[in-house]
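Take any residue in the sequence shown, note its place counting from 1, add 1, and you have its number in our numbering.
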Amino acid sequence: MRVWQMNNYPQLQPLQLREEAQPGYEAESWKPTWNCFCCHDTGLVQDLLVKKIIKNYVSGRHKPVECNATNCNIQLGRYLYKTNTLDRRFSAEICDRLDAEERQSWQQWRQQKHQKRLASIDLNVTKNLRFRSRTNEEQFDVERRHQDIRNDY
Ligand SMILES: [Zn+2]
C-alpha cells in the first residue's frame, strides 16, 4: 500500500477569472468599427450631433447634414449634390469638434459599461457564494482566509 505524505497534494495552477475581470483588462479592447465619429462612416452627421448646431433639427423632415470632418473618408454620391439633398453648411472645423466630442463621450460610455460589467461579475460571485447563510465551518474558513490575507501584508 502506498503511503501518502500529509501535504503531498497534486499541485494545480490557479484558474483565471473571466477576461474582463482581470486587472490588466482595459476598456480599450472595445473599439467602434467606424473611423469617423462625426458621421459613424455614413457620410451624414449623426442626428444627436446635428442637434448641437441646429436646435430644432428633425431627422426625416430636414436635410441630412454632410460630414466634412478632416479624417472622414466617406464620399457621398454625386446624386445627392446634384439634387441638392444635403445640408452642406457644416465646416471641417465644426465636424472636427463634433468628432472630438463624440470620441470623448464614447470613451466615457465605454468606461462606464466596463465598470458595470465588473460590478455585475462581483455581484454574481457574491450571490453564488451566499445563497444560504454560512455554517460555522464556512465562517471559520472565511475568517481564516481573511487572516491569511492580512498575514500576507
Ligand atoms: Zn464623417
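The beta-carbon is built from N, C-alpha and C at its ideal position, and this holds for glycine as well.
Sequence-distant residues of its chain with Cβ nearer than 6 Å to residue i (five each side left out)
| i | result |
| --- | --- |
| C73 | C37 |
| D160 | Past the boundaries of the shown model lies residue 160; the chain is included only from 2 to 154, so the question cannot be answered. |
| D88 | K64, V66 |
| T71 | A93, D97 |
Integer-rounded CB distance, given that residue j should sit under 8 Å from residue i
| i | j | result |
| --- | --- | --- |
| K64 | T84 | Incorrect: roughly 11 Å between the Cβ atoms, too far for contact. |
| E103 | C39 | 7 Å |
Residue span of the alpha helix (DSSP H) that contains residue i, given as start and end
| i | result |
| --- | --- |
| K53 | 48 to 54 |
| K83 | 79 to 83 |
Residues that residue i bridges to, as DSSP identifies them
| i | result |
| --- | --- |
| V66 | D88 |
| S60 | H63 |
| L99 | BP columns for L99 are empty, so no partner. |
Other residues of its chain near residue i: CB distance less than 7 Å, five sequence neighbours each side excluded
| i | result |
| --- | --- |
| D42 | W35, N36, I75 |
Closer than 6 Å between the C-beta and any heavy atom of ligand 1: which residues qualify, listed along the chain? C37, C39, C40, C68, A70, C73, I75
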